[in-house]
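Protein chains in written order, with the working numbering: chain A, 23 to 278; chain B, 23 to 278.
Each residue gets a CB set at the ideal place from its N, CA and C atoms; glycine is no exception.
Comments concern the structure below.
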């Protein structure tokens with residue numbers, strides 16, 4: 023199968039024009055088919071504040087009431103997404119910005135209220151990768167905003183890591199997919215105080231060992247669990263790395 | 023050639039949820055291939071006001087400074103566009119929201135400063151209709167926001183009537199295009215005080231006659247001039263009608 027690299031970048035890097043420019047240049051250097059998934063949380067929080075809407079976070083997730091849904095739809099689907107698409111077009115990458123509603127490529131359902139009412143947040147139920155795969159094979163580079171829809175007329179807020187994982191799994195039927203998560207370090211560190219102590223590869227056995235030893239903890243645990251899940255679902259490999267290394271072979275490789 | 027209907031609707035109708043719902047239902051009844059072009063000026067003005075940005079209009083056009091460009095990118099490309107796309111998907115229309123940057127389908131240049139500095143407003147220079155035509159032939163319904171890009175990384179604000187006209191002309195190479203402009207009346211009126219006095223057809227000769235007689239005046243003159251220009255450029259017909267009549271044969275037909 024033909025290779026496809028799906029890169030997920032967080033909000034910060036795409037929200038400042040200089041770092042965005044560098045990111046897009048690095049992204050454009052990735053050979054072969056590619057997809058970019060972006061966040062935009064900082065911009066959403068800033069815009070909400072300007073509009074007098076308080077951003078409420080629970081477990082790192084945004085509580086999305088009706089007014090906040092409008093803000094994220096504007097900011098993720100409009101402002102951030104189009105800045106990226108225009109930036110990629112400027113360097114010859116034929117980008118196409120998408121939310122889950124566009125082409126109905128990702129359908130979700132509003133998260134049921136349990137302990138927390140997250141509001142208009144969507145849990146992914148269906149990914150229609152065929153039409154995406156078709157566009158990708160024509161040289162189009164999808165730029166995916168962290169928004170889905172319920173196919174009943176409502177947009178829903180969906181975490182960018184989730185969008186990346188779900189898109190990667192669905193596209194694995196069509197391509198040999200590398201899923202790349204960017205964060206602020208060069209990779210998963212053996213020693214959190216040593217930025218150069220990047221673990222080159224993590225297998226399920228090593229993961230259990232590192233968790234038991236406390237080497238891996240906190241938010242990295244669900245990130246790695248999601249990575250193993252993606253690999254089980256057909257994704258070829260997952261790489262956790264820093265945004266400026268996406269076009270290199272660096273970072274931590276997660277393997278099945 | 024296969025028929026394609028391109029409908030342009032103004033801001034008001036797509037900005038209120040009830041009228042939007044009705045519009046999308048009517049739009050979905052149009053047989054054959056279709057494209058929807060939308061405005062969103064009222065929402066942009068309202069959002070700008072909430073953000074403390076004053077909307078300045080000259081000759082009916084928005085002066086688009088850097089902050090206003092962000093607002094229209096968010097509102098047109100995000101909020102309004104995605105509400106329409108999600109609404110169409112809910113009734114089984116496979117919509118795809120696009121700005122000119124997406125797929126580089128419409129490139130513009132920042133309007134040169136003459137008497138008025140319109141700011142970040144784009145004059146259309148190039149329409150790449152092939153990829154749009156390809157998607158349309160697969161059953162995709164493009165939903166075009168009034169935004170273009172300069173292929174140098176910048177989004178630009180572009181009037182929705184212009185987007186509709188330019189897209190219609192470029193798509194006329196691939197389809198037999200009907201371009202439909204919606205406004206608040208059933209069509210062009212012979213007597214402005216009689217809403218039922220719709221002129222069924224306007225030829226260039228009749229246009230000259232009606233202008234000379236004062237039957238047609240004001241903003242309708244450039245609208246009709248643009249319509250004749252579209253027909254000269256290969257558009258099959260232009261219809262001026264009310265939004266609730268788009269799926270009927272009603273309105274004023276402009277013919278070459």
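Check, Outcome
"Residue 103 of chain B, enclosing alpha helix (DSSP H) - first and last residue", "103-112"
"Identity of the residue in A/111, A/97, A/136 nearest residue 121 of chain A by Cα", "A/97"
"Contacting residues, own chain, Cβ-Cβ under 8 Å from residue 211 of chain A (five flanking each side not counted)", "217, 219, 220, 221"
"One or two residues paired with residue 164 of chain B in a DSSP bridge", "B/118"
"Test: residue 181 of chain A CB closer than 9 Å to a CB of chain B", "no"
"Cβ-based burial, residue 190 of chain A [other Cβ within 10 Å; buried from 16]", "buried"
"Residue 27 of chain B burial status per 10 Å Cβ neighbour count (16 or more: buried)", "buried"
"Helix, strand or coil at residue 232 of chain B [DSSP, three-state]", "helix"
"Which listed residue (B/176, B/102, B/181, B/184) has its alpha carbon closest to that of residue 126 of chain B", "B/176"
"Neighbour-count burial assignment, residue 243 of chain B, 16 or more Cβ in a 10 Å radius", "exposed"
"Where residue 69 of chain B sits in the DSSP three-state scheme", "helix"
"Close beta carbons around residue 110 of chain B, own chain, < 6 Å, minus the five adjacent residues each side", "46, 117"
"Contacts that residue 121 of chain B makes with chain A (C-beta to C-beta distance below 7 Å)", "104"
"Sufficient close CB pairs (3 or more, under 8 Å) joining the stretch 32-46 of chain B to the stretch 58-68 of chain B", "yes"
"Alpha carbon of residue 267 of chain B to alpha carbon of residue 227 of chain B, nearest angstrom", "26 Å"
"Residue 73 of chain B and residue 73 of chain A closer than 9 Å at C-beta", "yes"
"Simplified DSSP state of residue 55 of chain B, which is helix, strand or coil", "strand"
"Under 7 Å by beta carbon: chain B residues contacting residue 108 of chain A", "123, 171, 175, 176, 177"
"Classification of residue 23 of chain A by the beta-carbon crowding that lies within 10 angstroms, buried from 16 upward", "exposed"
"Simplified DSSP assignment, three categories, for residue 346 of chain B", "Past the edges of chain B, shown from 23 to 278, lies residue 346 of chain B, and the structure says nothing about it."
"Spatial neighbours of residue 183 of chain B in its chain, beta-carbon cut-off 8 Å, leaving aside the 5 residues before and after", "30, 203, 245, 248"
"Where the alpha helix (DSSP H) through residue 144 of chain B begins and ends", "Note, residue 144 of chain B: premise wrong, no alpha helix (DSSP H); beta strand (DSSP E) at 144-149."
"Terminal residues of the beta strand (DSSP E) in which residue 89 of chain B lies", "Element bounds for residue 89 of chain B: not the beta strand (DSSP E) but the alpha helix (DSSP H), 88-96."
"Neighbour-count burial assignment, residue 124 of chain A, 16 or more Cβ in a 10 Å radius", "buried"
"Spatial neighbours of residue 213 of chain A in its chain, beta-carbon cut-off 7 Å, leaving aside the 5 residues before and after", "219"
"As assigned by DSSP and simplified to three states, the class of residue 241 of chain A", "coil"
"CA-to-CA distance, residue 208 of chain B to residue 236 of chain B, given in whole angstroms", "19 Å"
"Listed by chain order, chain A residues near residue 97 of chain B by CB distance under 9 Å", "96, 100"
"6 Å Cβ shell around residue 271 of chain A - same chain, five flanking residues per side excluded", "none"
"Extent of the continuous alpha helix (DSSP H) run through residue 198 of chain B", "That residue, residue 198 of chain B, is in no alpha helix (DSSP H); its beta strand (DSSP E) goes 198-205."
"Environment of residue 192 of chain B [buried if 16+ CB atoms lie within 10 Å]", "buried"
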